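Comments concern the structure below.
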Amino acid sequence: MPVDRAEAADSLPAQELAPAPPADPFHQGPRILVRSWNALWRSVGPSLRFLLRTEVHVYSFAVAANILISFFPFLVAMIILCRSVLHWRAAVDVIFYTLNDYFPDTFGVNFKSYLLGAAYQKFSWLSVFLLLFTANGIFVPLEVAFNRIWRVNENRTFLRNQIVSLGLIFLCGALVLASVSVTAMNVQFLTSTFRASHMGALLQSILFRAIALPITCLMIFLVYWLLPNARIPVRRLIPAAVAVAVLLEISKYINILTWPWLRARLRNEVPPFVQSISIIFWSFIATMIVLAGAEWSARVIVDNAEEASAAPRH
């Protein structure tokens, strides 16, 4: 169903709009029209309170559990495509470089050997399709959460959700491949120019992050835009997608810095499940950030001439 249209009267000097509080406890923050930095800062508070909702925790844990199941098949599919279809060894190396950026050597699992062992199977498009189909499980709970946030009463059927999710997997996979390809070409150039020097390694690291952040922004925007069962105004999503991408990048470095402490604690408490618990924990944090960004974009209007409704998709 359409979301209530937010109307901003010129006679109101304040930035906040004051409609009646919504009956749904999932939406506790009022609509707000941001015209200043002060109003922008005040718009963040309801999003932080939104993260305390039990429903948000349920959705986040559901997505995190699916990430634990899905991310390995997705990586295997990407490696198979780069190795068997593109025949591009440098692209495979960039995938492992990206993986090491999120999971350092101290993580305790040799992901490279596991992934190479799984990827060195006989290539078939059916196996790649099945791997990508396995990897789209995260979008089922995510769509339900987005529909709640945008006040869409009807979820897609399971079949339609799988079709949309598979399309998003292919879109995000294509963006990942494009990012990997551009990074691989530039890494090859830097390697041939600077060899194994410290400057070459520094430039490679800067280049990798300069390419990865815009790609992450675009992927988050596509998920925000296409996954809800409603037509979401594009301009509502761009600021949230950029902010969420930056916050996810910051959380990655927090993960790297706190990993030695977290690993020691988990080894004492749950030795067999150190890696799986850490993946679920940080996936839970990342999903909370994504949901908070969606809640903010559904509530905050950055332009009073902007369309504020979300029409159902047909």
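Under the working numbering, the first residue of the sequence shown carries the number 413, and numbering increases by one thereafter.
Note that beta-carbon positions come from the ideal geometry of N, C-alpha and C, so glycine has one too.
Here the structure is a predicted model, which is why all the values come from computation and not from measurement.
What's the gap between the Cα of residue i and the Cα of residue j?
i: residue 626; j: residue 587; result: 10 Å
i: residue 679; j: residue 688; result: 12 Å
i: residue 589; j: residue 496; result: 14 Å
i: residue 686; j: residue 635; result: 30 Å
i: residue 564; j: residue 555; result: 10 Å
i: residue 643; j: residue 585; result: 23 Å
i: residue 482; j: residue 490; result: 13 Å
i: residue 703; j: residue 541; result: 28 Å
i: residue 682; j: residue 476; result: 19 Å
i: residue 492; j: residue 630; result: 24 Å
i: residue 500; j: residue 669; result: 32 Å
i: residue 650; j: residue 676; result: 39 Å
i: residue 433; j: residue 566; result: With a pLDDT of only 44 at residue 433, under 50, the local geometry of the prediction cannot be trusted, and the value read off the model is given with reservation. Between residue 433 and residue 566, the C-alpha separation is close to 22 Å.
i: residue 572; j: residue 508; result: 33 Å
i: residue 622; j: residue 467; result: 35 Å
i: residue 718; j: residue 474; result: Note that residue 718 has pLDDT 47, beneath the 50 cutoff, so the model's placement of it is unreliable and the number below is only indicative. Using only the alpha carbons, I get a separation of about 33 Å.
i: residue 525; j: residue 674; result: 24 Å
By Cβ distance below 7 Å, which residues in the same chain neighbour residue i in space, the five residues on each side in sequence not counted?
i: residue 558; result: 639, 640, 706
i: residue 698; result: 660, 663
i: residue 424; result: With a pLDDT of 40 at residue 424, under the threshold of 50, the predicted position of this residue should be treated as unreliable, and no value is reported.
i: residue 464; result: none
i: residue 624; result: 591
What does a CB cutoff of less than 6 Å around residue i pick up in its chain, not counting 5 residues either side in sequence?
i: residue 632; result: 653, 656, 657
i: residue 478; result: 549, 550
i: residue 708; result: 459, 652
i: residue 648; result: 709
i: residue 568; result: 641
i: residue 574; result: none
Output the boundary residues of the alpha helix (DSSP H) element that contains residue i.
i: residue 645; result: Unbroken run through residue 645: none, as it is neither H nor E.
i: residue 566; result: Neither: residue 566 is in no alpha helix (DSSP H) and is coded neither H nor E.
i: residue 385; result: This structure cannot settle anything about residue 385, because the visible part of the chain is limited to 413 through 726.
i: residue 460; result: 456–462
i: residue 495; result: No alpha helix (DSSP H) contains residue 495, which DSSP labels as neither H nor E.
i: residue 761; result: Nothing can be reported for residue 761: it is not among the residues displayed for the chain, which extend from 413 to 726.
Could you check what DSSP says for residue i in three-state terms: helix, strand or coil?
i: residue 682; result: coil
Looking only at C-alpha atoms, which of the options sits nearest to residue i?
i: residue 487; options: 474, 697, 582; result: 582
i: residue 472; options: 623, 709, 490, 701; result: 701
i: residue 512; options: 704, 667, 575, 711; result: 667
i: residue 576; options: 481, 566, 552; result: 552
i: residue 695; options: 683, 664, 674; result: 664
i: residue 484; options: 675, 669, 527; result: 527
i: residue 692; options: 578, 650, 470, 491; result: 470
i: residue 637; options: 624, 569, 510, 579; result: 579
i: residue 628; options: 573, 570, 510; result: 510
i: residue 562; options: 463, 684, 645; result: 645
Under 8 Å, Cβ to Cβ, is there at least one residue of chain B near residue i?
i: residue 585; result: The question asks about chain B, but that chain is absent: this structure has only one protein chain.
Excluding the five sequence neighbours on either side, which residues of its own chain have a C-beta within less than 8 Å of the C-beta of residue i, listed in chain order?
i: residue 480; result: 688, 691, 692, 695
i: residue 570; result: 552
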